[in-house]
Amino acid sequence: MKKTSMRLVAALGALALVAAACGGGTDFEEGALGSVTVEAGEDIQIRSLQALSAGVEFLGVPNQRAVELAITDFGAIEGHSVTIGTGLDDICSAEGGAQAAQTIVSDEAVVGVIGTSCSGAAQAAMPLISDAGLVMISSSNTSSVLTSALDGVAQSDWHEGYYRTAHNDAFQGAAAATFVSENLGLTRVALIHDGDPYTNGLTKAFEKNFTEMGGTITVHTAVAPDDVDMGPVLAEVAASDPELLFFPIFPPAGIPLLQQSASVDGMENVVMMGADGLSVEDFMGLPESEGMYFSGPNTQFGPENKNEATGKTGEEFLAAYEAAYGEAPSADFWAHSYDATTMLLTAIAEVGVVDGDKLHIDRLALREALSATSGFGGIIGSITCDEFGDCGVPIISVFQHNNLDDILASKTNIQFTYDPTG
Amino acid sequence: MTSTATKLPPSGRRFRFNWVDGFLWFVRIAALITIVVGITGSVQNFMAGEGLSATQWRDLLISSTSTGLMYGMIALGYSMVYGVLGFINFAHGEVFMAGSMVGFIGATLLFDSGFWDSNPFAAVFIVLVISMITSTIVAVLVERIAYRPLRNAPRLIPLITSIGVSFFLQYAFAGLFGFSTRSYPPAPGALGEEIIIFGIPIQGTKLLVFVVAIASMIGLWYFVSRTKAGRAMRAVAEDKEIAGLMGIDVDKTIVLTFAVGGAMAGVAGLLWALLFRVVDNLMGFLPGLKAFTAAVLGGIGNLPGAMLGGVLLGLFEGVGPLLVLDGLGIPAVSQLKDAVAFAALFLVLIFRPSGLLGERLGSEDRA
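Heads up: the sequence lines are chains W and Y, in that order.
Here the first sequence stands for residues 1 to 422, numbered as in our numbering.
Here the second sequence stands for residues 1001 to 1367, numbered as in our numbering.
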């Protein structure tokens, strides 16, 4: 008797669910990933997930601020304003990324995420975000493992719903290797990474390209991100007799490495080179960093580079940033963040279905719209997404640090520009 | 006549095979062979002119020893507290950090005012005093607030409390100073230059580490063996109850133990900051762990052992990968330095479980 009544309850329950799902009197049909309904008077929820601590705030804070400025410039979508809620912190690590992703996916109103700052955090966050049907657009992840090695094959950590406006490090590795091999004419390079997929990806890409050009990698070693005693690693590097040391790591380990290299026998004439992780004030303010080379995304945007959604140029953005926050952005990915946000908002506006005062946003349709982005005019240039989410403009520049007091001026001292598209 | 003791048969010793002993012997022999092969490989490389040059080895030895001396100074605090109270004070690494971080404020103020560069030794001395006082205060406060109420609790409880205190201090300092790394100003005057001692050029700061560490060790030895307070410490370490009955103020002696350990950690904090220059709220974690390892390596509770353990650990970690692992043909070995440091602990203990100079346990722990 009990069994039958249980079955009856279950059947009624199922019917009720079906009725609820089929309810509503609109033409809106949900896709396979479900949808988000923004009620009347509610905000459209997106999230910002950037590195706001752990010594890497210089990278995440300007990214989040650029997101906020982009939202203000873009305006409301169908009468609903957009909000990021509270900015989330990925502490530039896998644990931080995973934890923040948990927070994001547990809120069903979230449509998309702008983040992460660090590739290591994205590696851990994407499985959760992808499974929940959300989209994530990163403005500073550059590691190839998150998309592809530009060879048409998805890499191990690629997940559906991931996009990025930052370049793929396969380009930066090639750019740096070309610069060292052809412009500087050097053949012996030592590499140091810190285990993070970004730094390791970059040194691997460098090694691959440099050896193809006939150079030798004398040693390819690593430090821990929080190491301070660089004696042993510098002794190892010096012993391998390199002409240049490429260490695309972050300031917490980069600062002691640079400071201690001066007193290591054998490192006196070694040219030092870093990447975008180090081209920040904390590191570039050190007197020992003068004369160093830095590779990174191109940040010289001319007046013809306008974001087509808001009509702003890079200069106008920088003026607005300075006015709002009293300082210039501390890292190089502000334009990428701005463009990523406008890309997302444009896609939301495109796929959103108005239903009276409500707005339905289908998750699958949003992914398809983002994947189909082609020729979207951003401050960084013309944005087109490939099948694995690489939407970035692959222009890499190498500059030489020649002005300890004015970092921004130093960044205009460009020695080499790599542009595979032009 | 009968005897319950095992008698050895007159024909020779009977070998009783015990699987655990057998495994341990296997590991010992395998470790020895690996180390010998590695060192031989490195020596061959050196003879062939590859790898590090003689001056590079010399410099590596000097910098590894100076790091080791700092580990030793922190390890003294671990050993003293273990000797007196019988538990590992995991918050000691944070006592080291506290001295460094507060010293940073002093150093920056002095640097900005120009005093740092104009009077280098006076400036460093001032920051040293600041660092020592801060570390001592933190250590004494921790003892008073977190450990004294647990004086009679089972030993595991204060151990766990110390882990909690460690986290508390890390994040309290993050709250005060922020999470980002701070840089000490560059070593002033003669400390920033190379000084030639016995024909060997050595960085001023490293020489300072040697001098200060050795002076502190001598001072501590004198204090512990020649003064009344030091005698009281040794008595309390030997047997707390009886020492109390003998008229020693046990509470005061314990506070003194923490204070002295804290002061040593404060000195180490200042030296570390001068040498490596970057400080942040988490800087005490790994050195604290390594110093604890060093204390165990030298024999827990044993003060000369702590210093020796520290120096050896510094050498193992700095020279070990390049000497042993590189000779085995493993590429990019310097990233394994932490692994080598902790493996060294394991290896020393399988050869000599009580630590190199033997452990000094209180009456409660002795068999």
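Beta carbons are placed, not taken as given, at the ideal position from N, Cα and C, and that holds for glycine.
The model shown is predicted, which means the values in this text are computed figures rather than measured ones.
Item, Value
"Chain Y within 8 angstroms of residue 219 (chain W), Cβ atoms only", "yes"
"Residues sharing a beta bridge with residue 89 (chain W), DSSP", "W:50"
"Under 7 angstroms by beta carbon: chain W residues contacting residue 1334 (chain Y)", "221, 232, 233, 236"
"The region 1223-1237 of chain Y in contact with the region 1047-1067 of chain Y per 3-pair CB rule at 8 angstroms", "no"
"CB contact check: residue 1277 (chain Y) to chain W, cutoff 8 angstroms", "yes"
"Per-residue burial, residue 12 (chain W) [other beta carbons within 10 Å of its own, 16 or more giving buried]", "exposed"
"Contact set between residue 155 (chain W) and chain Y, taken where Cβ atoms lie within less than 8 angstroms", "Here the premise fails: no neighbours, minimum Cβ distance about 23 angstroms."
"Chain-order list of residues whose beta-carbon lies under 7 angstroms from that of residue 40 (chain W) (same chain, five-residue window excluded)", "357, 358"
"Option in W:142, W:381, W:362 with minimal Cα separation from residue 38 (chain W)", "W:362"
"Test: residue 1156 (chain Y) CB closer than 8 angstroms to a CB of chain W", "no"
"7 angstroms Cβ cut-off: residues of chain Y touching residue 61 (chain W)", "What residue 61 (chain W) touches in chain Y: nothing, since even the nearest Cβ is about 11 angstroms away."
"Euclidean distance between Cα positions of residue 196 (chain W) and residue 91 (chain W)", "13 angstroms"
"Three-pair Cβ contact test at 8 angstroms for the region 1041-1048 of chain Y versus the region 1219-1229 of chain Y", "no"
"Cross-chain neighbours of residue 57 (chain W) in chain Y, by beta carbon under 7 angstroms", "1180"
"Per-residue burial, residue 287 (chain W) [other beta carbons within 10 Å of its own, 16 or more giving buried]", "exposed"
"Contiguous beta strand (DSSP E) assignments of at least 3 residues, all confined to the region 197-276 of chain W", "216-222, 244-246, 271-274"
"Where residue 1194 (chain Y) falls: helix, strand or coil (DSSP)", "strand"
"Three-state secondary structure assigned by DSSP to residue 459 (chain W)", "This structure cannot speak to residue 459 (chain W), because chain W is shown only from 1 to 422."
"Neighbourhood of residue 1325 (chain Y) by C-beta, 8 angstroms cutoff - its chain only, sequence neighbours within 5 removed", "1038, 1333, 1336, 1340"
"Completely contained beta strand (DSSP E) runs for the region 279-338 of chain W, where each covers 3 or more residues", "293-297"
"Chain W contact for residue 1328 (chain Y) (CB, 8 angstroms cutoff)", "no"
"Interface partners of residue 1112 (chain Y) on chain W, CB under 9 angstroms", "By Cβ distance, chain W contributes nothing, its closest Cβ being about 15 angstroms from residue 1112 (chain Y), past 9 angstroms."
"Per-residue DSSP class, three states only, for residue 24 (chain W)", "Any reading at residue 24 (chain W) is ruled out, since the residue's pLDDT is 49, under 50, leaving its predicted position unreliable."
"Contacts of residue 1117 (chain Y) in chain W (Cβ-Cβ under 8 angstroms)", "Going along chain W, no residue has its Cβ under 8 angstroms from residue 1117 (chain Y), so there is no contact; the nearest lies around 14 angstroms."
"Short Cβ contact (8 angstroms threshold) for residue 415 (chain W) with residue 141 (chain W)", "no"
"Proximity test, Cβ basis, 8 angstroms: residue 1188 (chain Y) and chain W", "no"
"Cβ contact (3+ pairs, closer than 8 angstroms) linking the region 1069-1087 of chain Y and the region 271-290 of chain W", "no"
"Length of the line joining the Cα atoms of residue 205 (chain W) and residue 212 (chain W)", "11 angstroms"
"Status (buried if at least 16 other CB within 10 Å, exposed otherwise) for residue 1096 (chain Y)", "buried"
"Under 8 angstroms by beta carbon: chain C residues contacting residue 266 (chain W)", "Note that chain C does not occur in the displayed structure, where the protein chains are W and Y."
"Nearest to residue 1209 (chain Y) (by Cα), restricted to the options Y:1359, Y:1064, Y:1036, Y:1023", "Y:1064"
"Residue 149 (chain W) - DSSP class collapsed to helix/strand/coil", "coil"
"Selection of the region 92-116 of chain W by Cβ proximity to chain Y, strictly under 9 angstroms", "none"
"Closer than 8 angstroms to chain Y by CB, residue 89 (chain W)", "no"
"Per-residue burial, residue 136 (chain W) [other beta carbons within 10 Å of its own, 16 or more giving buried]", "buried"
"Rounded separation between residue 208 (chain W) and residue 176 (chain W) - CA only", "11 angstroms"
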